[in-house]
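In this text, residue positions in the sequence shown follow this note's numbering: the first is 11, and each later residue adds one.
By construction, the Cβ of each residue, glycine as well, lies at the ideal position given by its N, Cα and C atoms.
Single-structure report; data block below.
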Amino acid sequence: MDHPIYLEHPWLIALFGVVIIVMLLLDLGVFNKNSHEITNKEALSWSVVWIGLAMGFSAIIYNIAGPTKFYEFQSAYWIEKALSVDNLFVFIMVFKFFDVANKNKHKILFWGIIGALFLRAIFIFSGAYLIKLTYLNTILENFGIEGLKYNINIIMTLFGVFLIYAGIKSWMPELEDDSADYNQTKGAQLVRKFFKVTDEYDGDKFFTIKNGKRLATPLFVVLAVIEFTDLLFAVDSIPAIFAISDDPFILYTSNIFAILGLRALFFLLDNFLYLFSMLKYGLAIILTFIGIKMVIAPVYHIDSIFSLIIIGGILVGSVLLSLIVARKPSR
C-alpha cells in the first residue's frame, strides 16, 4: 500500500483547507449574501469554477505525486460527481414536496453541504482505518495461521458485493416517487421530536419567534431531510471510491470538490432534468463495475488509468444517449 500523500506533502492539507474556506466565505458572504433565485447563467458559472478548482488541485497532485495519484483523484472525483446527480434528483423531489421557494434553495444546499463536509471526513478516514485492519491474511497471522495465496480484504469484498447488488437494483425500473411523504423520513421526524415546528415559512429563516416562542420553520425540516438523504447516499458513494484508492486524503479531497459543486449543478438539473433520462443506467453500470473491481481485486488489479477511462466512457455515453432520446416535457 502506498503512503498517504499528505504524509509526504503536509502543506497540501493547508492548501486544500484555505481554498475550501475562502470559496465558502465568498459564496455565502459575498455572492449569495442575500437569498435570491439562482439563474442558469450563475449556476453554470459556479459549476465551471468548482470543476476548474478540482482540475487545478489534481494538476498539483500530478506534479508532486505522479500520474497514479492523479488518476485516482480524477476517478474518485467523477464517480462522486456522477453518483451525486442521482442524489440531486431526490433533492428536487424534496423541494417540490415542501414547496420551497426558489430563492431559498441555495441556503439549504449550502448548509447541507457544510454538514456533508464533516460526515464525509468521518466516513472516509474511519473507513480507511478499518480497511487496513481487515485484510484476511493479517487476521490469520495474528492467530498464528499461515496466510492465503490471495490477500482478501473482508470489508472491501462486502462493499463490492453490496455495490454489485446496488447496481443491478438501480437498473430495475422504478415507479415515480411523486407521492412520497418526506414528512415521514427520519430527518423530518427527528426535527419534530426535538422542536416545535410552525406550519408557515418565515423567509429564509430556520427558526422564528411566534407568540413569544422560538419555533423551527419548515425550512429547517427540509434541511434535516436533505442531510439525512445525503447520509443514506453516502452508503453507496463512499464504498465506491474505496475501490479507487486507499489514500484517505485523495478520497476526501476529491469527494469534497465534487459535492461542493453540487449546488450549482442542482439548479442546472432542476431546469434541464429531461436531458439526463439515461444517466441512471450509466450509474447502474458504474456501480456494478466498481463492485466487480473490488471483489476481484485480490486476484486481478485494474489500474487506475483503465478505471478512469471506463468510468468516463460510461458517463459520456449515457449523457450522449440522454441527449439523443431527450424530449422536452410540456409545462
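Whole-angstrom distance between residue j and residue i, CA atom to CA atom
{"i": "leucine 185", "j": "threonine 227", "result": "Legend: pLDDT at leucine 185 = 49, less than 50; position of this residue unreliable, value from coordinates given subsequently. Distance between the alpha carbons of leucine 185 and threonine 227: 31 angstroms."}
{"i": "serine 287", "j": "isoleucine 71", "result": "34 angstroms"}
{"i": "leucine 22", "j": "tyrosine 139", "result": "21 angstroms"}
{"i": "phenylalanine 153", "j": "methionine 304", "result": "26 angstroms"}
{"i": "proline 20", "j": "phenylalanine 83", "result": "17 angstroms"}
{"i": "leucine 279", "j": "valine 95", "result": "8 angstroms"}
{"i": "leucine 35", "j": "glutamate 47", "result": "19 angstroms"}
{"i": "isoleucine 312", "j": "isoleucine 324", "result": "16 angstroms"}
{"i": "threonine 208", "j": "phenylalanine 128", "result": "29 angstroms"}
{"i": "phenylalanine 276", "j": "isoleucine 102", "result": "8 angstroms"}
{"i": "leucine 318", "j": "lysine 79", "result": "12 angstroms"}
{"i": "alanine 69", "j": "phenylalanine 316", "result": "19 angstroms"}
{"i": "valine 75", "j": "asparagine 163", "result": "Position check: residue 75 holds alanine in this sequence, whereas valine was assumed. When rounded, the distance between both Cα atoms is 26 angstroms."}
{"i": "phenylalanine 105", "j": "phenylalanine 172", "result": "29 angstroms"}
{"i": "isoleucine 334", "j": "lysine 196", "result": "39 angstroms"}
{"i": "leucine 143", "j": "aspartate 214", "result": "46 angstroms"}
{"i": "proline 77", "j": "lysine 91", "result": "21 angstroms"}
{"i": "alanine 111", "j": "isoleucine 219", "result": "20 angstroms"}
Cβ-Cβ distance between residue i and residue j below 7 angstroms
{"i": "glycine 301", "j": "glycine 170", "result": "yes"}
{"i": "tyrosine 160", "j": "valine 309", "result": "yes"}
{"i": "leucine 346", "j": "tyrosine 211", "result": "Residue 346 is absent from the model: the chain starts at 11 and stops at 341."}
{"i": "isoleucine 296", "j": "serine 85", "result": "no"}
{"i": "phenylalanine 243", "j": "asparagine 97", "result": "yes"}
{"i": "serine 328", "j": "leucine 289", "result": "yes"}
{"i": "aspartate 257", "j": "isoleucine 15", "result": "yes"}
{"i": "lysine 203", "j": "leucine 225", "result": "no"}
{"i": "alanine 126", "j": "aspartate 240", "result": "yes"}
{"i": "alanine 176", "j": "valine 235", "result": "no"}
{"i": "alanine 294", "j": "tryptophan 121", "result": "no"}
{"i": "tryptophan 56", "j": "alanine 190", "result": "no"}
Nearest-angstrom beta carbon gap, residue j and residue i [assumed within contact, 8 angstroms]
{"i": "glycine 322", "j": "tryptophan 88", "result": "6 angstroms"}
{"i": "leucine 93", "j": "alanine 307", "result": "20 angstroms between Cβ atoms; not a contact."}
{"i": "phenylalanine 267", "j": "alanine 53", "result": "Phenylalanine 267 to alanine 53, Cβ: 17 angstroms. No contact."}
{"i": "tyrosine 262", "j": "isoleucine 165", "result": "Actually they do not touch by this definition, with Cβ atoms about 18 angstroms apart."}
Contiguous beta strand (DSSP E) assignments of at least 3 residues, all confined to the region 237-292: You should have found no qualifying run.
Note down, one range per segment and in chain order, each beta strand (DSSP E) of at least 3 residues found wholly within the region 92-117. Unbroken beta strand (DSSP E) runs of no fewer than 3 residues, entirely contained in the region 92-117, are not found.
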